[in-house]
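What follows is one structure encoded as structure tokens, with my remarks underneath.
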Amino acid sequence: MGNTRPIQSHLIFTLFLSLCTPALAQQDENTRDAVVVTASRLDQQLTDTISHTTVITQKDIRESQAIDLPSLLAREAGFEFVQNGGIGTSSGIFMRGGDGHQVLILIDGVRVGSATLGTTSIENVMLDQVERVEIVRGNVSALYGANAIGGVIQIFTKQGHGAPRAEAQMMAGSRGTHRASAGYSGSVEDTRFSLNVSQFQTNGFSAIDTQQAPKANPDNDGYHNLSFSGQLAHRLAEGHEIGLRAYQSAGKVQFDNAFGTPTERDSLNDTLSTYALYSNNRFSSFWKSHLSIAQGTDESKTFTNDKAPTQFNTKNTQYQWQNDFSLAKEHVVSASLEAQKQRVDSTTVYTYTTRDVRSMMLAYNGRVGASQFQANARRDRYSDFGAADTWLAGYGYDINARWKVTAMRSSAFRAPTFNELFYPGFGNPKLQPEKTQSNELGLQYAVGRHLLRVAEFRTQYRNLIQTVLVAPPFTYLPENVASARVRGTEMSYTGQFDNWDMRASLTVQDPIDTATGAQLRRRGKNFGNLVVNTTLSGWRVGAEAIVGSARPDNNIASGAPVTLGGYKVVNLTARHAVAKNAFIAARLENAFDEHYQVAHGYNTPGRGLFVSLNWQQ
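Its first residue numbered 175, the sequence shown is counted upward by one per residue in our numbering.
Following this line, the structure appears as structure tokens:
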């Protein structure tokens with residue numbers, strides 16, 4: 175990883191291991207792993223993944239009492255996010271130093287997001303619809319194509335299992351916040367189903383600090399969300415299932431304009447939706463097939479003083495056929511053909527409004543004794559800029575029943591957005607994809623209910639797209655001129671000992687613009703969290719601490735360089751059964767009322783109490 179890597183990463187790593195190892199030594203049971211699919215596009219146990227992968231289970235979501243996806247992801251290794259105000263306002267993702275353009279978001283395997291901005295509005299994903307979340311870190315474009323540079327976050331909506339049952343929840347809290355949700359799911363003979371709906375509303379607070387941006391409207395900025403998810407699957411015969419999944423989240427948020435007027439009213443209506451029809455078929459003992467037709471949409475309308483909206487809509491139609499061939503025990507070859515058609519409909523007139531993508535992927539996953547192998551190769555051909563080839567080579571070795579080492583080298587790319595290519599007066603149709611190469615070394619310790627993973631990584635970015643002044647004609651255009659390097663160490667731990675559940679992570683990184691040597695904007699060098707839950711006198715109580723170091727940014731009004739201070743936020747939770755099928759729960763957010771900013775000029779939530787009543791059949 176180089177001799178210049180910050181020495182504090184070794185010191186913090188040593189401290190982290192010294193704290194975790196006594197807990198790990200208390201049990202010597204077989205590791206009970208979750209099954210994940212995102213790391214290899216095959217079902218595998220979490221401890222068999224070569225990429226640094228974590229899963230957020232339904233239990234984790236329930237105990238966190240978090241409302242939206244950003245609040246949940248803030249507790250994960252390698253992950254930072256910025257938000258331009260309160261819940262529902264625009265959020266940005268950073269994974270391993272990569273920004274929101276360089277992180278792929280999937281909902282039930284379907285790409286969602288804006289083809290004009292190149293990001294996904296994760297602030298509109300409410301957790302009432304979510305069953306679990308899988309996070310794979312690092313370059314995995316060889317599995318998924320464009321944008322999977324910092325990693326992949328895959329969200330799985332609720333599905334039906336077991337006897338049919340109903341559930342409902344009501345919540346109220348600070349800042350005029352209230353939420354209601356209901357669901358009914360289960361299985362009847364060969365048919366599984368799930369239906370869930372939720373509504374959320376808050377009065378919020380002023381998104382912008384008017385002392386730093388006096389032209390902004392000082393009023394509170396509220397948010398409303400209505401979400402739906404549904405799933406229906408039927409087993410035709412042994413090994414053959416067809417199904418339909420649907421998801422929609424419609425959010426309306428008020429926001430502030432730092433360059434507007436104190437009386438300006440701005441709002442954004444944003445709707446994310448996915449629809450997928452699929453067929454899973456096991457044609458023989460060695461041949462398994464997955465065929466899907468899906469569509470992901472992002473519909474965005476921005477209003478200023480109730481005038482006619484500015485509109486940017488993306489429709490992404492996707493076709494996928496993946497075949498997995500078991501050549502021998504623990505040896506699987508996968509081949510996938512994919513097609514995408516992206517279409518943009520906007521009040522802005524683009525030179526081109528459609529893009530076609532044709533993709534092929536070949537993969538091998540296997541094991542020989544203590545050695546594990548993963549190899550992927552992929553080609554994505556775009557109708558507007560040509561082809562992008564990516565690859566991945568991974569290796570794992572079981573030292574013994576507890577310890578495992580891993581190594582991975584991979585490449586990835588980000589496709590230019592429609593704004594970067596075709597926006598009137600700004601787009602540059604000659605842009606090429608951003609590209610990266612990454613090395614990763616990992617160490618895993620798994621025993622009983624404990625899993626500790628450490629990954630040391632280095633990612634080199636080239637052909638990064640940056641806006642520069644072009645002369646002539648003396649105008650600003652996006653060009654492939656920038657480069658960056660991010661290297662660091664990240665650690666994650668989940669476990670249970672005695673009556674305590676623990677979840678912890680720590681990231682030490684060095685995100686650098688290689689042209690200037692400066693730290694990348696809004697990326698911290700150190701950040702982490704600790705989550706602890708236990709049962710006391712019939713109450714399930716928990717605490718989570720989230721910390722981050724100082725980060726560079728730009729002044730919201732002048733654009734001058736500034737440094738944002740570090741922060742430490744503590745959230746507390748409690749839950750108690752009041753009847754056989756009902757419990758009351760409370761979450762105290764920012765318990766010590768920490769005042770901090772993750773984006774200069776934008777306010778963050780102060781202390782807030784939220785109480786909910788939950789019922790499950």
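The C-beta atom is built at its ideal place from N, Cα and C for all residues, glycine as well. Here the structure is a predicted model, which means the values were calculated and not measured.
At the C-beta level, Gln-239 and Thr-747 come within 8 Å of one another. Taking all protein chains in view, the Cβ of Thr-778 is crowded by 16 or more other Cβ atoms within 10 Å, so the residue is classified as buried. The C-alpha of Gln-640 is placed about 8 Å away from the C-alpha of Leu-651. Within a 10 Å sphere around the beta-carbon of Asp-530 sit fewer than 16 other beta-carbons, which makes this residue exposed. For Phe-402, the enclosing beta strand (DSSP E) stretches over residues 395-411. For Arg-236, the enclosing alpha helix (DSSP H) starts and ends at 232-238.
Just so you know, the alpha carbons of Gln-373 and Thr-228 end up roughly 29 Å apart.
Within the region 668-734, not a single complete alpha helix (DSSP H) segment reaches 4 residues in length.
For the options Gly-417, Ser-510 and Val-542, the alpha carbon positioned closest to that of Trp-495 is the one of Ser-510. Take Ile-686, set aside five residues on each side of it, and the residues of its chain with a beta-carbon closer than 8 Å to its own are Ala-658, Arg-659, Val-660, Ala-692, Gln-693 and Leu-694, in chain order. For Ala-316, there is no enclosing beta strand (DSSP E); the enclosing alpha helix (DSSP H) covers residues 315-318. Cβ neighbours of Pro-603 within its own chain (closer than 6 Å, five residues either side excluded): Leu-595. Using a Cβ-Cβ distance cut-off of 8 Å, the region 473-481 and the region 450-463 are not in contact, since fewer than three pairs of beta carbons, one from each stretch, lie closer than that value.
Contact between Thr-610 and Asn-321 is absent: CB atoms are separated by about 11 Å, not below the 8 Å threshold. According to the DSSP assignment, Phe-596 belongs to no beta strand (DSSP E) but to the alpha helix (DSSP H) extending over 592-596. Of Gly-622, Ala-549 and Arg-409, the smallest CA-CA separation from Leu-216 is found for Ala-549.
When the beta-carbon positions are compared, Leu-680 and Gly-702 come within less than 8 Å of each other. With 16 or more neighbouring CB atoms inside 10 Å of its own CB, Phe-255 falls in the buried class.
By the Cβ neighbour-count rule, His-275 is buried, with 16 or more other Cβ atoms within 10 Å of its own. Secondary structure note for Leu-216: it is in no beta strand (DSSP E), with a DSSP letter that is neither H nor E.
The criterion of a C-beta distance shorter than 8 Å is satisfied by Arg-249 and Arg-677. Between Ser-786 and Ala-765, the beta carbon gap of about 17 Å keeps them out of contact (Cβ cut-off 8 Å). Boundaries of the beta strand (DSSP E) harbouring Leu-783: 782-790, taken from the DSSP string. CA-CA distance, Gly-560 to Pro-590, rounds to 11 Å. By the 16-neighbour rule on beta-carbons within 10 angstroms, Tyr-667 is buried. Shown here, Gln-606 sits in coil according to DSSP, grouped into three states, outside any helix or strand. A Cβ-Cβ separation of about 6 Å places Ile-235 in contact with Leu-301 under the 8 Å criterion. Pro-388 carries a coil assignment under DSSP once its states are collapsed to helix, strand and coil. One alpha carbon belongs to Gly-543, the other to Val-705, and they sit about 36 Å apart. Contiguous beta strand (DSSP E) elements confined to the region 739-772 occur at 741-753 and 756-763, taking only those with 3 or more residues.
For the region 273-319, the continuous alpha helix (DSSP H) assignments of 4+ residues that do not extend past its boundaries occur at 315-318, in sequence order.
For Asp-395, the CB contacts under 8 Å within the same chain, skipping 5 residues up- and downstream, are Gly-259, Gly-260, Thr-263, Gly-378, Phe-379, Ser-380, Ala-381, Val-427, Gln-428, Phe-429 and Asp-430 in chain order.
Here the alpha carbon of Gly-570 sits roughly 15 Å from the alpha carbon of Glu-630.
The shortest C-alpha to C-alpha distance from Val-304 to any of Gln-328, Asp-572, Gln-791 and Thr-293 is the one to Gln-328. Residue pairing for Glu-254: DSSP places it in a beta bridge opposite Phe-268. For Ser-508, the enclosing beta strand (DSSP E) covers residues 505-520.
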